[in-house]
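**Student:** Mind looking over this structure? Questions follow.
Numbering (UniProt numbering), first residue to last: 1 to 350.
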């Protein structure tokens, strides 16, 4: 991870302590904040209980993040359920247009959106059309990172090549500044990297589930391959859908479908949660801030999801400091002692 350190402008709001919003990470042709924010919950009623009455709070959360140096926002054309399909992109575009702060902050935003590998997207042209529709929903001129949401290699290998060619086409047309992938394993990542390289398209990023509760050989190998190829690893679900916040116990589970998953995994996370709590107390941080900082210390860019101003404030407390090497090892040993891990995304390839 190459850090580009620049001094903050004297007019920077700097409302929150203990982070460096002016420090940027070099990612291909882009410069992004060391942590981004995910918008999976924006429009998702089933898993996150989204209601349109939340839009005002979401907008305030977005503005607070941008005012304080966060410039990477991750979304997808499939985020939003039912009639709210695409809602995340629509809200993000609206918040960008209505951002009341300096124009340079708005212009410096990097929007990373993912295009679903729907079974009816069978040609490069259909994939380019999906990109154009995302641009229309957000009403922006160019996407920062256009990403494949998942690989079809496991179930429809013939479709995969069309999606790759779609990435090439949208890059060549200038619809995106850079391209990336999501839910690719190390072997498939090597294949698409080489394919894109032959066509003069650099692969900028690879997004994968990466956290203390999803540690495994696949994640370790992904990071190694990304480092060897100069690809930035973006870690989604750095808090394990909320399991690494310290807010939930077996007797206090979240509502909705997450309750079933949490009920299965939380009982086995006692060693990890105890270690997180110990370091958090010593560092005067929260458990969530320590868990996110671990992802940063591993050389990834975490993109925790946010729904409220309070969550933005807490997540940003993960910036501006680093766990020691001993603390990183302490957390990883505790994670290995925890018998249950997060289930992998069904579309994750090898």
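The beta-carbon is built from N, C-alpha and C at its ideal position, and this holds for glycine as well.
I need the straight-line Cα distance from residue 54 to residue 302, nearest angstrom please.
**Tutor:** Translated into positions along the chain shown, residue 54 becomes position 54. Translated into positions along the chain shown, residue 302 becomes position 302. Rounded to the nearest angstrom, the two C-alpha atoms are 24 Å apart.
**Student:** Using only the alpha-carbon positions, how far apart do residue 65 and residue 286 sit?
**Tutor:** Position 65 of the chain shown, counting from 1, holds the residue named residue 65. Position 286 of the chain shown, counting from 1, holds the residue named residue 286. Whole-angstrom Cα-Cα distance: 18 Å.
**Student:** Quick one: is residue 155 buried, meaning 16 or more other Cβ sit within 10 Å of its Cβ, or exposed?
**Tutor:** Reading the chain shown from its first residue, position 155 is the one you call residue 155. Flag for residue 155 reads exposed.
**Student:** Rounding to the nearest angstrom, what Cα-Cα distance links residue 223 and residue 236 in this structure?
**Tutor:** As a working mapping, residue 223 is identified with position 223 in the chain shown. As a working mapping, residue 236 is identified with position 236 in the chain shown. The straight-line gap from Cα to Cα measures roughly 13 Å.
**Student:** Residue 338 and residue 268 - do their beta-carbons sit closer together than 8 Å?
**Tutor:** Taking the first residue of the chain shown as 1, we reach residue 268 at position 268. Taking the first residue of the chain shown as 1, we reach residue 338 at position 338. Yes; because the gap between Cβ atoms is below 8 Å, this pair is in contact.
**Student:** My parser needs the beta strand (DSSP E) runs of 3 or more residues fully inside the region 150-230; what are they?
**Tutor:** Those beta strand (DSSP E) runs which fall completely within the region 150-230 and span 3+ residues are 176-182 and 203-209.
**Student:** Given this structure, state the Cα-to-Cα distance separating residue 18 from residue 289, to the nearest angstrom.
**Tutor:** Locating residue 18 in the chain shown gives position 18, counting from the first residue. Locating residue 289 in the chain shown gives position 289, counting from the first residue. Caution is warranted here: a pLDDT of 41 is assigned to residue 18, below 50, making its placement in the model unreliable, and the coordinate value is therefore given only provisionally. Going from the Cα of residue 18 to the Cα of residue 289 covers about 11 Å.
**Student:** Do residue 195 and residue 164 come within 8 Å of each other at the CB atom, strictly closer than that value?
**Tutor:** Along the chain shown, read from residue 1 onward, the residue named residue 164 stands at position 164. Along the chain shown, read from residue 1 onward, the residue named residue 195 stands at position 195. Yes.
**Student:** Measure the beta-carbon distance from residue 296 to residue 35 and round it to whole angstroms, keeping in mind my assumption that it falls under 8 Å.
**Tutor:** Here residue 296 corresponds to residue number 296 of the chain shown, with the count starting at 1. Here residue 35 corresponds to residue number 35 of the chain shown, with the count starting at 1. Indeed they touch by this definition, with Cβ atoms about 7 Å apart.
**Student:** Is the number of C-beta pairs between the region 206-220 and the region 170-179 that are closer than 8 Å three or more?
**Tutor:** With the cut-off at 8 Å, the region 206-220 and the region 170-179 do not touch.
**Student:** For residue 99, which of helix, strand or coil comes out of DSSP?
**Tutor:** Taking the chain shown and counting its residues from 1, the one referred to as residue 99 is at position 99. Coil, per DSSP.
**Student:** Check whether the Cβ atoms of residue 43 and residue 88 sit closer than 8 Å, and answer yes or no.
**Tutor:** To locate residue 43, count along the chain shown from 1; it is residue 43. To locate residue 88, count along the chain shown from 1; it is residue 88. Going by C-beta atoms, residue 43 is nearer than 8 Å to residue 88.
**Student:** Reducing DSSP to helix, strand and coil, say where residue 139 ends up.
**Tutor:** As a first step, residue 139 must be located in the chain shown, where it is residue number 139. It is coil, neither helix nor strand.
**Student:** Using 8 Å for Cβ pairs, my map puts residue 76 next to residue 311. What's the rounded Cβ distance?
**Tutor:** Locating residue 76 in the chain shown gives position 76, where the first residue counts as 1. Locating residue 311 in the chain shown gives position 311, where the first residue counts as 1. Not a contact, Cβ separation roughly 19 Å.
**Student:** Just tell me which of 102, 157, 147 and 328 has its CA closest to the CA of residue 73.
**Tutor:** The residue you call residue 73 lines up with position 73 of the chain shown. With distances taken between Cα atoms, residue 73 lies closest to 147.
**Student:** Can you give the Cα-Cα distance for residue 332 and residue 212, rounded to whole angstroms?
**Tutor:** Counted from its first residue, the chain shown places residue 332 at position 332. Counted from its first residue, the chain shown places residue 212 at position 212. About 7 Å.
**Student:** Taking all protein chains shown into account, decide if residue 71 is buried (16 or more other Cβ within 10 angstroms of its Cβ) or exposed.
**Tutor:** In the chain shown, residue 71 corresponds to position 71, counting from 1. Per the 10 Å Cβ criterion, buried.
**Student:** Taking only three categories from DSSP, how would you classify residue 245?
**Tutor:** Reading the chain shown from its first residue, position 245 is the one you call residue 245. Helix at residue 245.
**Student:** Just how far apart, CA to CA, sit residue 361 and residue 124?
**Tutor:** The structure shown does not extend to residue 361, since the chain spans only 1 to 350, so no value can be given for it.
**Student:** Buried or exposed: which applies to residue 315, given that a residue is buried once 16 or more other Cβ atoms fall within 10 Å of its Cβ?
**Tutor:** Here residue 315 is taken as the residue at index 315 of the chain shown, counted from 1. When all chains shown are included, residue 315 counts as buried.
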